[in-house]
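Student:
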Amino acid sequence: MKGNRDVKFIIYQVLYIFVVCVIALKGANLDLSEVISKDNVVKKEYADSLKAYIDSILALGLVPKIEIDTSMIPAEEYEKLKMQLSQMQLQVQSITPQISQIQQQQPQIEQRIEQQPEIKREEGKEQIIEVQVPKFTQYLSYTIKNPYSATLTVLGDGSVLATISPGASANIKLSDQKSITYKVGNSTGSSSTAPKPPPKVSMQRLAPSGDGVSLRTIQSQVGYRISIDDPAPDQLKVKFSGPVVVKQSGNTFDVTLNFLNSKSQFDNYTDNKDAPYTISFNVTITDAAGQSVTRTGQFSFSDW
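Numbering (our numbering), first residue to last: 805 to 1108.
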């Protein structure tokens, strides 16, 4: 851009010298008074148009040719002006290639800025997805949601347990699988399963027991309250044995003794026996993994 301004300056300087020479030869008055009518002055829009035309010529790397009418000036003045014009034209020609080079380089710079680097992807290869598999426990039920953008296949020891579409969910129920594998496209992830813990059983005595306690008092109220803690209570099998009545509420079991219902039955039972008398019951809890837990409860009494 600086070279372009230098060329314009030289051209306008040449034109200025030419105008000064013409005015000097014709003996025109150089004061600031009006020398011609405003009506004969070149209008600004025409002058601007001429300037734009000259600028366009310079932008193309062309050098305007200036000719002087030799009949209007002496030979000595003509030679002097000719030498000055030749020197200026040489200066213009030396600057023009630089301008042309700048104009050619500019579009390349803009193209490099606008052109974004392309991300090359190898054809035939899918994107690697990091598959994370949570920890599973044997013999439990799970609801699995597919968070990936491709189909999720759930396998247990190599066998398909579920095929889940993106964003969908599926229910699975494990048995004795040793490992669970997630497969999404060509990506896989595996996790070993944890063995199911056995059920936890707690027994709370509610009725009195021991020497001096009557059988009727024990049988008139809940003797034991049994609570079972297990992650899969719906898979449990609970079995009671003994002379008891059981009422269930969720994972809680109330146990009441139901042994002798009359005084005569009590006398027959206690004949030739020493007090206190003891009656027992058992409760056995078995889960889906085949693990069993057995607990025993006792009722002691000495009177009817």
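Glycine included, each C-beta is placed from N, C-alpha and C at the ideal position.
Out of T947, Y986, D1038, which one is the CA nearest neighbour of I976?
Tutor: T947
Student: Let me know if Q1069 comes out buried or exposed under the rule of 16 or more other beta-carbons within 10 Å of its beta-carbon.
Tutor: exposed
Student: S781 and I984 look like a contact to me (Cβ under 8 Å); what is the Cβ gap, rounded to whole Å?
Tutor: For the chain, the structure presents residues 805 to 1108; residue 781 sits outside this window and is missing.
Student: Quick check on I984: does DSSP put it in helix, strand or coil?
Tutor: strand
Student: Would you grab the beta carbon distance between Q1039 and A1092 for me? Rounded to a whole angstrom, and I think it's under 8 Å.
Tutor: In this structure Q1039 touches A1092 by the C-beta definition: roughly 4 Å separates them, less than 8 Å.
Student: When the Cα of N950 is compared with those of F940, V935, T941, which residue comes out closest?
Tutor: V935
Student: Span of the beta strand (DSSP E) holding Y1028?
Tutor: That run of the beta strand (DSSP E) goes 1028-1033.
Student: For F1057, report the span of its alpha helix (DSSP H) as first-last.
Tutor: Careful: F1057 lies outside any alpha helix (DSSP H), inside the beta strand (DSSP E) at 1056-1061.
Student: Would you mind working out which of V818, Q1102, S890 sits nearest E1012, comparing C-alpha positions?
Tutor: Reading the sequence as shown, one finds Pro at residue 1012 and not Glu. Among V818, Q1102, S890, the Cα nearest to that of P1012 is on Q1102.
Student: In whole angstroms, what is the alpha-carbon distance linking P1047 and Q981?
Tutor: 40 Å
Student: Using only alpha-carbon positions, find the residue among N1065, V937, A998 that is nearest to V958.
Tutor: Sorting N1065, V937, A998 by C-alpha distance to the C-alpha of V958 places V937 at the top.
Student: With DSSP run on the structure shown, which of helix, strand or coil describes T941?
Tutor: strand
Student: What three-state label does DSSP hand Y1081 in the structure shown?
Tutor: strand
Student: Rounded to whole angstroms, what is the Cα-Cα separation between V1087 and T997?
Tutor: 30 Å
Student: Expressed to the nearest angstrom, what Euclidean distance is found between the alpha-carbon atoms of K1077 and S1106?
Tutor: 10 Å
Student: Report the residue from K1000, D961, L1010, Q891 whose alpha carbon sits nearest the alpha carbon of Y986.
Tutor: D961
Student: Terminal residues of the continuous alpha helix (DSSP H) containing I1022?
Tutor: 1019-1023
Student: Hey, how far is the Cα of V1059 from the Cα of T1074?
Tutor: 23 Å
Student: Give me, in chain order, the residues of the same chain whose beta-carbon lies closer than 7 Å to that of I933; leave out the 5 immediate sequence neighbours on both sides.
Tutor: Y952, V988, G989, S991
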